[in-house]
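Okay, structure first, notes after.
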Amino acid sequence: MLRFPLGRSKMHRFVLCLLAITFVTGCSPQKQQAIRFDNQSHSEAAHGRRIAGVLGCTGCHDSNLAGKDWSAPGFAIVWTSNLSVEMKIYDDAAFRRTLQKGYRYDGNELWDMPSFLFSELSETDLVALTTYLRGVPPTGKSHPRPILLEGALKEIKQGIYRSSAAEAKLRAGTFPPDAGPQHRLGRYIARATCAECHGMDLRGGTPYPGAPPRPDIRMVAAYDKADFVKLMKTGKAAGNRELQLMSGVARGRYSQFTPREVDALYEYLKAVSVTNP
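Numbered according to my numbering, the sequence shown spans residues 56 to 332.
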């Protein structure tokens, strides 16, 4: 998944913005009780495939995971990695460092990989995702490393645009608001998905110059359950509305949530609107 200012790239049709201006540090979930995405299969690879869809791996790296060109004129020349080929370069430890810390196998920093979102994935989900990615048939070739152009360099200097590693360090140990132990699954899902656009505090904001403001996700409290389920499954908001970014993301990613995950997320977001208004 990538982050570029609005209008710089076609990627806005597929992915959520990655950077939010404000965030708060919540309480770390209790790790002694494992939280994970639902496993609908006895196969780790099948579970990993669904997770790859929900987290957006197949959106940014393409459905065959062979990588895509997300270059933006004047800003950067950027390809997502060809995971179908490059997974063989990584042992499990190196892959986790890439996924969760934002570093390549050679120690160089990644750009536009939302590693901060994945730093709290459960062991079960990490193993399943890794298993799936290692089994994808190799297609195509490796792509060139990013080349940062004038626009990117300017935003780096201004502190607006950061490497994946810098972003992961900045957000280390941060979580969406704690709404109580009964909402731990919803919070887990929100951290790995909703926080990408709405920020770790889920309050939205304008993530970078020229971008439309992202709404405070507490607005979900105004949705009845049926409308929320419809949004997750079809991308259509209440009143059958099409939303600028969310509709496409919901159809491509969140339509793969299980009914229990949708319910957990809905109840969590409703609770946050009360406990952390």
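We put the beta carbon where it would ideally sit given N, CA and C, even for glycine. All values reported here derive from a predicted model rather than from experimental measurement.
| Item | Value |
| --- | --- |
| By the three-class DSSP mapping on this structure, what secondary structure does residue 131 have? | strand |
| Does DSSP put residue 296 in a helix, a strand or coil? | strand |
| For residue 124, which beta-bridge partners are listed by DSSP? | 134 |
| Tell me the DSSP secondary structure of residue 212 in three-state form. | helix |
| Skipping 5 residues on each side, what residues in its chain have a beta carbon closer than 6 Å to that of residue 120? | 138, 139, 191 |
| Taking residue 127 as the reference, which of 303, 203, 280 has the closest Cα? | 203 |
| Is DSSP giving residue 165 helix, strand or coil here? | coil |
| Could you tell me the distance, in whole angstroms, from the CA atom of residue 82 to the CA atom of residue 332? | Caution applies to residue 82, whose pLDDT of 42 falls short of 50 and renders its modelled position unreliable; the model cannot decide the point. |
| Between residue 262 and residue 252, what straight-line distance do the alpha-carbon atoms span, to the nearest angstrom? | 8 Å |
| Any idea what DSSP makes of residue 320, helix, strand or coil? | helix |
| Going by the CB atoms, is the gap between residue 239 and residue 179 shorter than 9 Å? | no |
| What number of angstroms, rounded off, separates the C-alpha of residue 118 from the C-alpha of residue 228? | 31 Å |
| What's the call for residue 197, buried or exposed, on a 16-neighbour Cβ count within 10 Å? | exposed |
| Measuring straight from C-alpha to C-alpha, what distance separates residue 177 and residue 244? | 11 Å |
| Going along the chain, which unbroken runs of the beta strand (DSSP E) with 3 or more residues stay wholly within the segment 233-292? | none |
| Would you mind sorting residue 97 into buried or exposed? The rule is 16 or more other CB atoms within 10 Å of its CB. | exposed |
| Using a Cβ-Cβ cut-off of 6 Å (strictly less than) and excluding sequence neighbours within five positions of residue 173, which residues of its own chain qualify? | 154, 155 |
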